[in-house]
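Visitor: Handing you this structure, nothing more for now.
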Amino acid sequence: MATLAPEQSSSKAERSIPNYRQQLRKVLPDHYFKADFTALLWLPFHAAIIAGGWWLLATHFSWWLAPLVSIAIGHSFGCMGFVAHDICHGGAVKNLAARDLLAGIGFSPFWISPKLWRRWHNAEHHGHTQVEGIDPDHLFTMEHYERSPILQWLYRLNPLLRNLVIFGSFTYRMNQQTMRMYFTYWLSKKVSSYEKLVMFAQFAVMTCAWIGVSLMFGVQVFAFGYLIPLLIANAIVISYIATNHFLNPLADESDVLGSSLTVTLPKGFGWLDAMHSHFGAHVAHHLFPQASPRYVRKIEDEAAKMFPDRYFSMGLFTALKMLWNTPWVYDNKTVLLDPVREIKEPTLGHGMEEKIKR
Numbered sequence: 029m030a031t032l033a034p035e036q037s038s039s040k041a042e043r044s045i046p047n048y049r050q051q052l053r054k055v056l057p058d059h060y061f062k063a064d065f066t067a068l069l070w071l072p073f074h075a076a077i078i079a080g081g082w083w084l085l086a087t088h089f090s091w092w093l094a095p096l097v098s099i100a101i102g103h104s105f106g107c108m109g110f111v112a113h114d115i116c117h118g119g120a121v122k123n124l125a126a127r128d129l130l131a132g133i134g135f136s137p138f139w140i141s142p143k144l145w146r147r148w149h150n151a152e153h154h155g156h157t158q159v160e161g162i163d164p165d166h167l168f169t170m171e172h173y174e175r176s177p178i179l180q181w182l183y184r185l186n187p188l189l190r191n192l193v194i195f196g197s198f199t200y201r202m203n204q205q206t207m208r209m210y211f212t213y214w215l216s217k218k219v220s221s222y223e224k225l226v227m228f229a230q231f232a233v234m235t236c237a238w239i240g241v242s243l244m245f246g247v248q249v250f251a252f253g254y255l256i257p258l259l260i261a262n263a264i265v266i267s268y269i270a271t272n273h274f275l276n277p278l279a280d281e282s283d284v285l286g287s288s289l290t291v292t293l294p295k296g297f298g299w300l301d302a303m304h305s306h307f308g309a310h311v312a313h314h315l316f317p318q319a320s321p322r323y324v325r326k327i328e329d330e331a332a333k334m335f336p337d338r339y340f341s342m343g344l345f346t347a348l349k350m351l352w353n354t355p356w357v358y359d360n361k362t363v364l365l366d367p368v369r370e371i372k373e374p375t376l377g378h379g380m381e382e383k384i385k386r
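Take 29 as the starting number for the sequence shown in the numbering used here and just add one per residue.
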């Protein structure tokens with residue numbers, strides 16, 4: 029069930045953007061923002077699941093058991109990535125070397141260098157969320173469409189087939205975007221040779237470790253203990269990332285509540301929220317990236333009370349359904365467009381919420 033503001037159209041853009049952080053910080057307890065090491069305990073927990081899964085695949089392999097083990101390992105890969113994401117923001121670990129080591133372990137299945145992540149995610153995505161041409165993670169614009177034969181081919185497909193291709197890409201999209209960002213920074217003159225060397229070294233160690241060690245235990249461990257789990261982990265992580273921003277408008281200013289969407293898990297699956305480092309509470313995360321994951325849902329509750337006409341939250345599967353029914357190309361900052369069929373859909377805060385209510 030979506031929790032959405034009543035009437036938000038172009039008038040929203042005309043109103044001045046409140047200083048969300050300043051106003052919220054006045055009413056939030058200080059302990060929400062103190063170093064919290066408890067989230068780090070998830071790393072050995074998931075490492076134990078992965079090790080146990082590899083042991084089962086190496087010593088007790090069976091075709092009925094292997095897919096179940098792959099799902100468990102893939103889920104743990106995704107959860108380790110969520111923990112690494114929080115570590116890189118510096119809320120739990122202040123020492124940079126320790127932060128890189130722990131985040132590197134968590135990110136390693138995805139080949140994400142901590143140095144790459146800090147530049148890509150912390151600086152550019154958080155610093156310029158949904159800002160066209162600067163945020164590396166925003167959806168396609170008409171400019172992208174007009175110069176991309178792949179996008180043009182994709183939108184000529186039947187919408188059902190197009191969506192199957194797009195949602196199927198969730199199984200590799202995190203790794204694909206990671207490689208795109210590696211190439212972006214390796215070719216950038218703004219990135220020093222030292223930074224490029226560190227990124228490459230971290231990438232090389234991660235890929236060689238996971239592929240090499242899993243193959244040492246047998247092809248079945250590589251296939252069901254790394255390759256298939258990596259596809260599952262990608263799908264889990266991208267399901268969150270896509271819903272956190274892809275229904276929101278592009279932005280000119282730092283309107284944190286306007287550029288992010290919070291998602292919640294279905295009833296009965298709320299216990300997974302802590303295991304996922306409360307990653308779905310994305311509005312709170314963009315407001316206070318260093319806040320402890322344990323308190324982000326409480327921060328969200330306060331944001332919803334203070335800014336009810338600006339805060340957006342909906343169920344994860346509702347958001348995924350909206351993504352399925354919505355084209356992925358921005359015609360302008362507030363409208364998404366199917367360029368071939370000329371179907372236009374509004375973004376959150378500009379009419380989409382009314383459509384969801386219907």
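Cβ atoms here follow ideal geometry from the backbone N, Cα and C, with glycine treated the same way.
Please read these numbers as outputs of a predicted model, since none were measured by experiment.
Hey, how far is the Cα of Asn-272 from the Cα of Ala-76?
Guide: Cα to Cα, Asn-272 sits roughly 30 Å from Ala-76.
Visitor: On the three-state DSSP scale, how would you describe Gly-431?
Guide: Because the chain spans 29 through 386 in this model, residue 431 falls outside it and cannot be assessed.
Visitor: CB-CB under 8 Å to Glu-223, same chain, minus the five flanking residues each way: which ones, in chain order?
Guide: Cβ neighbours of Glu-223 beyond the five flanking positions: Lys-143, Arg-147 and Tyr-213.
Visitor: Lys-143 by DSSP, collapsed to three states: which one?
Guide: The answer is helix: DSSP assigns Lys-143 an H, G or I state.
Visitor: When you compare the CB positions of Ala-26 and Leu-315, do they come within less than 9 Å of one another, or not?
Guide: Any property of residue 26 remains undetermined from this structure, which presents the chain solely from 29 to 386.
Visitor: Hey, quick one: how far does the alpha helix (DSSP H) through Asn-262 stretch, first residue to last?
Guide: Segment 256-273, the alpha helix (DSSP H) holding Asn-262.
Visitor: Please confirm whether any heavy atom of the ligand HEM lies closer than 8 Å to the CB of Ile-327.
Guide: This structure lacks the ligand HEM; in fact it carries no ligand of any kind.
Visitor: Which of the three DSSP states is assigned to Phe-198 in this structure?
Guide: If DSSP states are grouped into helix, strand and coil, Phe-198 belongs with the helices.
Visitor: Compute the Euclidean distance between the alpha carbons of Asp-337 and Pro-374, then round it to the nearest angstrom.
Guide: If you take the alpha carbons of Asp-337 and Pro-374, they lie about 17 Å apart.
Visitor: If you count every other CB in all the chains shown that lies within 10 Å of the CB of Thr-87, and 16 or more means buried, which is it?
Guide: So Thr-87 counts as exposed.
Visitor: Is the beta carbon of Ser-98 closer than 9 Å to that of Ile-256?
Guide: Cβ atoms of Ile-256 and Ser-98: closer than 9 Å.
Visitor: Between Tyr-48 and Phe-335, which are expected to be in contact by the criterion C-beta below 8 Å, what is the C-beta distance as a whole number of angstroms?
Guide: Indeed, because the Cβ distance is near 7 Å, the residues count as touching under 8 Å.
Visitor: Going by DSSP, name the residue or residues bridged to Thr-169.
Guide: Note: Thr-169 sits in a beta bridge opposite Tyr-358.
Visitor: Can you grab the Cα-Cα spacing for the pair Tyr-173 / Pro-367, in whole Å?
Guide: Cα-Cα distance, rounded: 8 Å.
Visitor: Should Phe-211 be labelled buried (16 or more other beta-carbon atoms within 10 Å of its own) or exposed?
Guide: Exposed, because fewer than 16 other Cβ atoms sit within 10 Å of the Cβ of Phe-211.
Visitor: Specify whether the segment 148-164 and the segment 284-293 touch according to this definition: at least 3 beta carbon pairs, one from each stretch, less than 8 Å apart.
Guide: They touch, by the three-pair rule.
Visitor: Looking only at DSSP bridge pairs, what is Gly-253 linked to?
Guide: Answer is none; Gly-253 lacks a bridge partner.
Visitor: Note down the Cα distance separating Val-233 from Asn-191, rounded to an integer number of angstroms.
Guide: C-alpha separation (whole angstroms): 35 Å.
Visitor: Whose C-beta lies closer than 8 Å to the C-beta of Val-357 among residues of the same chain, with five residues either side of it excluded?
Guide: Leu-167, Phe-168, Thr-169, Met-170, His-172, Tyr-173, Leu-179, Tyr-183, Leu-364, Leu-365, Asp-366 and Pro-367, listed in sequence order.
Visitor: Quick one: give me the first and last residue of the beta strand (DSSP E) that Ser-341 is part of.
Guide: Counting along the chain, the beta strand (DSSP E) containing Ser-341 begins and ends at 341-343.
Visitor: Could you give the residue range of the beta strand (DSSP E) that holds Val-291?
Guide: Segment 290-292, the beta strand (DSSP E) holding Val-291.
Visitor: Using alpha carbons as the reference points, say which of Leu-69, Phe-245, Asn-123 and Val-121 lies closest to Ser-23.
Guide: The chain is shown only over 29 to 386; residue 23 falls outside these bounds and no answer can be derived.
Visitor: Going straight from the alpha carbon of Ser-38 to that of Leu-275, what length do you get?
Guide: Residue confidence is low: Ser-38 scores 42 on pLDDT, short of 50, so the model does not pin down where it sits. No coordinate-derived value is stated.
Visitor: If you reduce the DSSP assignment to three classes, tell me which class Lys-372 lands in.
Guide: Three-state result, Lys-372: strand.
Visitor: Please classify Ser-305 as buried or exposed, where buried requires at least 16 neighbouring CB atoms within 10 angstroms.
Guide: Burial call: buried.
Visitor: Can you tell which of Leu-96, Leu-124, Ala-63 and Ile-266 has the C-alpha that lies nearest to the C-alpha of Phe-110?
Guide: The residue with the shortest Cα to Cα distance from Phe-110 is Ile-266.
Visitor: How many Å lie between Asn-203 and Val-247 at the Cα?
Guide: Going from the Cα of Asn-203 to the Cα of Val-247 covers about 21 Å.
Visitor: Buried or exposed: where does Leu-189 fall if 16 or more other Cβ atoms within 10 Å of its Cβ makes it buried?
Guide: It counts as exposed.
Visitor: Hey, would you say Pro-294 sits closer than 9 Å to His-378, going by beta carbons?
Guide: Not a contact, by the Cβ cut-off of 9 Å.
Visitor: In angstroms, rounded to a whole number, what distance separates the CA positions of His-154 and His-313?
Guide: About 10 Å.
Visitor: Go ahead and pull the three-state DSSP assignment for Val-363.
Guide: Note: Val-363 maps to strand in three-state DSSP.
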